[in-house]
Amino acid sequence: MSKALVELIKKNFAAAVLETHSLYGDETVVVEATAWKEVARFLKESPQAAMDMLTDLTAVDFPEREPRFEVVAHFYSLARGHRLRLKTRTGDSEGDEAEVDTLTDLWASANWLEREAFDMFGVIFKGHPDLRRILLYPEFEGYALRKDYPADKIQPLIAYRDVPNIEKVAPFSVDEGMAFGRQTHTDRRNDTDDSQVN
Amino acid sequence: MGELKQTSTHIVEPGGAGGAAFTTTRFEAVLAWAQKYSLFMYPFVTACCGMEFMAVSSPRYDFSRFGSEAPRFSPRQSDLLWVVGTITQRQAPILKRIYEQMAEPKWVLAFGTCASCGGFYDNYACVAGVDKVIPCDVYVPGCPPRPEAVLDGLMLLQDKIQTGNRKPAIVKPRQDPVVEQNLGLVQLRKSRTSIA
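Chains as they are written, first to last, in our numbering: chain A, 233 to 430; chain B, -8 to 187.
This is the structure we're talking about:
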């Protein structure tokens, strides 16, 4: 069933499909990074595909390749019961300029999954509403799951984080009462001023 | 080890039949003797060692026998900090703040290998031992340590409180299983091959 889906993508996005393969009944389509969002939108909205569930989204680091990262998304259709793995490739050998479009406006589950991929690999998801580190903390240096991250690197200890309105009791509004919420730390990737880092 | 040391204690028997005896000793010795049997613990339980901590505190092993059963979930009311489990980099400042809030005199017991040295969490997210953040008095190795080892650690700490010794100490195994028998364990090597 998924084989028909692969043919459908090939037919609609002939220029964007880099390769396809199949292993143990799991179909994979690799597309250009520029077509990532459009292929995903097609998978969600076309009635033949009807991918209403984004099961997983992550990245893989291949340091010897260029583009270096593969961003992998796993889709599942609850209505039709078929799956598809969609991949794209991005980033230069230094790991910079790894950028793909966000899928958050198509599947809400992409929000945290993309934050995790950003946290661990440094892949930027353009258009993401809240691209911050999700598991690690803002002072963390480097990206932990890149293959060139030193295995024996010890991160510097961070200072205690004072939380505004810590005296307040529940119910909290958005990001209140959290040591790592948006109140204490915003997306500072493009911020050149280091004075706020403790 | 529970008694007052005879070297610093003098029992005086006053003359006359049936007269009450009294004892002289140093004030510090009495104070330490009282402190070591009234440890108010703050359990900083973060990981799986907590299960073993529950075993030690429950009736079968029962560390209330050692006068340390009263948990205080405010650091301001406690003087023994049990660090039970893995401490991540992200949690380290919170642990430090807890330690700073505790009342003097205070002691720290690192429960298990993770709290002592990081254990197998040799990775980007974890702290290799609580002594990177706060001073530590007693280390109890084991993954998790058996309740007997924890009781050994508690008694070791009580000895240290009695003698006023703040030098860090490690609980020694009662019997080293590796020395006793050849387990045929594979020697693991840490490879650090760099990527071209």
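C-beta atoms are modelled at their ideal positions from N, C-alpha and C, and glycine is treated no differently.
These numbers come from a predicted model, not from an experiment.
**Asked** Whose C-beta lies closer than 6 Å to the C-beta of Leu431 (chain A) among residues of the same chain, with five residues either side of it excluded?
**Response** The requested residue 431 (chain A) is not part of the displayed model; chain A covers only 233 to 430.
**Request:** Determine whether the Cβ of Tyr33 (chain B) lies closer than 7 Å to any Cβ atom of chain E.
**Result:** Annotation note: the requested chain E is absent from the structure, which comprises protein chains A and B.
**Request:** Give a yes or no on whether 7 Å exceeds the smallest Cβ distance from Tyr392 (chain A) to chain B.
**Result:** Chain B, which has a Cβ nearer than 7 Å to the Cβ of Tyr392 (chain A), makes this yes.
**Prompt:** Should the stretch 279 to 294 of chain A be called in touch with the stretch 261 to 268 of chain A, which here means at least 3 C-beta pairs below 8 Å?
**Reply:** Judged by Cβ distances under 8 Å, the stretch 279 to 294 of chain A makes no contact with the stretch 261 to 268 of chain A, as fewer than three pairs qualify.
**Item:** Thr322 (chain A) to Glu302 (chain A) span [Cα, whole Å]
**Value:** Between Thr322 (chain A) and Glu302 (chain A), the C-alpha separation is close to 6 Å.
**Prompt:** Is Val47 (chain B) helix, strand or coil when you go by DSSP?
**Reply:** In the structure shown, Val47 (chain B) adopts helical secondary structure according to DSSP, grouped into three states.
**Asked** Ordered along the chain, which non-local residues of its own chain (more than five positions away) have a Cβ less than 7 Å from that of Gly103 (chain B)?
**Response** Excluding residues within five positions, the ones whose Cβ falls inside 7 Å are Cys40, Val75, Gly76, Val131, Gly133, Cys134, Pro135, Pro136.
**Request:** Taking all protein chains shown into account, decide if Ala248 (chain A) is buried (16 or more other Cβ within 10 angstroms of its Cβ) or exposed.
**Result:** Under this definition Ala248 (chain A) is a buried residue.
**Item:** Euclidean distance between Cα positions of Val98 (chain B) and Cys127 (chain B)
**Value:** Checking the displayed sequence, the identity of residue 98 (chain B) turns out to be Trp instead of Val. So the two alpha carbons sit approximately 7 Å from each other.
**Message:** Classify Ile161 (chain B): buried if its beta carbon has 16 or more other beta carbons within 10 angstroms, exposed otherwise.
**Reply:** Per the 10 Å Cβ criterion, exposed.
**Request:** Within 10 angstroms of the Cβ of Ala342 (chain A), are there 16 or more other Cβ atoms? Answer buried if so, exposed if not.
**Result:** With 16 or more other Cβ atoms from the protein chains shown falling within 10 Å of its own Cβ, Ala342 (chain A) counts as buried.
**Message:** Can you pull the chain B neighbours of Leu389 (chain A), defined as C-beta to C-beta under 8 Å?
**Reply:** Near Leu389 (chain A) (Cβ distances below 8 Å), the residues of chain B are Gln80, Ala83, Pro84, Val118, Lys123, Val124.
**Three-state secondary structure assigned by DSSP to Phe350 (chain A)** = The answer is helix: DSSP assigns Phe350 (chain A) an H, G or I state.
**Cross-strand partners of Leu72 (chain B) (DSSP beta bridge)** = Paired residues: B:Tyr33, B:Val99.
**Request:** Would you grab the beta carbon distance between Val332 (chain A) and Phe357 (chain A) for me? Rounded to a whole angstrom, and I think it's under 8 Å.
**Result:** Yes, they are in contact, since the Cβ atoms of Val332 (chain A) and Phe357 (chain A) sit about 6 Å apart, within 8 Å.
**Item:** Identified DSSP bridge partners for Met285 (chain A)
**Value:** As a beta-bridge residue in DSSP terms, Met285 (chain A) pairs with A:Tyr308.
**Prompt:** Can you check whether the CB of Ala83 (chain B) is closer than 7 Å to the CB of Val124 (chain B)?
**Reply:** Yes, these two residues count as a Cβ contact at 7 Å.
**Asked** Going by C-alpha distance, which of A:Glu373, A:Lys385, A:Lys242 is nearest Tyr112 (chain B)?
**Response** Checked all of A:Glu373, A:Lys385, A:Lys242; the closest Cα to Tyr112 (chain B) is A:Lys385.
**Prompt:** Using a C-beta to C-beta distance shorter than 7 Å, which residues of chain B count as neighbours of Ala376 (chain A)?
**Reply:** Result: Tyr115.
**Asked** Between which two residues does the alpha helix (DSSP H) containing Val238 (chain A) stretch?
**Response** For Val238 (chain A), the enclosing alpha helix (DSSP H) begins and ends at 234 to 244.
**Message:** In the DSSP assignment, the beta strand (DSSP E) including Val202 (chain A) goes from what residue to what residue?
**Reply:** Missing from the structure shown is residue 202 (chain A); chain A here goes from 233 to 430 and no further.
**Request:** Determine the direct distance from the alpha carbon of Arg315 (chain A) to that of Ser309 (chain A), and round the result to whole angstroms.
**Result:** Put simply, the backbone Cα of Ser309 (chain A) is about 6 Å away from that of Arg315 (chain A).
**Item:** Residue closest to Ile78 (chain B), alpha-carbon to alpha-carbon, out of B:Val118, B:Ala12, B:Lys163
**Value:** Checked all of B:Val118, B:Ala12, B:Lys163; the closest Cα to Ile78 (chain B) is B:Val118.
**Request:** Flag Arg67 (chain B) as yes if its beta-carbon sits less than 7 Å from any beta-carbon of chain A, otherwise no.
**Result:** Closer than 7 Å: no.
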